[in-house]
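Enquirer: Numbering (full-length UniProt numbering), first residue to last: 1 to 165.
Where is the CB? At the ideal position from N, CA and C, for every residue including glycine.
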DNA sequence: GTCTTGATTGTTACA
DNA sequence: TGTAACAATCAAGAC
């Protein structure tokens with residue numbers, strides 16, 4: 001059972017109450033939601049800013065799908081430049097898709113997740129060794145992981161090139 | 001020039 | 001275990 005959670009929930013309480021037409025893209029409310037922003041900022045400042053080297057989160061299957069969907073959407077709607085519109089349309093499409101249709105995106109997402117896990121492992125090792133004031137060991141292991149990543153990326157590049165075609 | 005917003009779902013990380 | 005934050009995208013407004 002899916003529930004509206006996180007940002008969506010927060011938006012549901014505020015933004016979602018407004019008619020979508022009212023939510024024009026680019027029409028940023030001048031410091032409209034200090035609550036939400038400050039929350040994000042706090043987290044960002046306490047985490048992301050402290051760990052700029054921290055690997056970025058892997059895209060979920062939906063985001064992988066969205067990447068492709070954006071291209072299609074742009075082609076079909078060259079005049080629509082609002083990212084919110086793409087997100088909305090993508091969400092509708094995603095929900096209408098069957099498991100079989102979602103499968104390839106989920107597979108891709110799983111791959112990215114595996115990469116992320118590896119990167120996080122290396123990242124955590126680095127953090128540990130940094131505590132000791134020594135990171136030669138992790139540097140080595142990191143480079144090993146990086147090497148693996150390079151190989152994988154190379155494979156992925158090939159795959160992507162094929163897809164590009 | 002830099003930052004923030006919007007819209008979506010899924011996943012991660014943290015309390 | 002529940003929930004907030006974040007992942008991509010980019011035009012445009014605010015500062």
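Excluding five sequence neighbours on each side, which residues of the same chain lie with their C-beta closer than 8 Å to the C-beta of residue 87?
Expert: Only 66 meet the Cβ criterion.
Enquirer: As a quick exercise: from 99, 68, 123 and 125, pick the residue whose alpha carbon is nearest that of residue 89.
Expert: Among 99, 68, 123 and 125, the Cα nearest to that of residue 89 is on 68.
Enquirer: According to DSSP, is residue 93 helix, strand or coil?
Expert: Residue state, collapsed to three classes: helix.
Enquirer: Which residue comes first and which comes last in the alpha helix (DSSP H) that contains residue 61?
Expert: 61-76 is the span of the alpha helix (DSSP H), which, as asked, contains residue 61.
Enquirer: Let's test the definition: count the other Cβ atoms within 10 Å of the Cβ of residue 64 and tell me whether it reaches 16, buried, or not, exposed.
Expert: Classification for residue 64: buried.
Enquirer: Quick check on residue 53: does DSSP put it in helix, strand or coil?
Expert: It is coil, neither helix nor strand.
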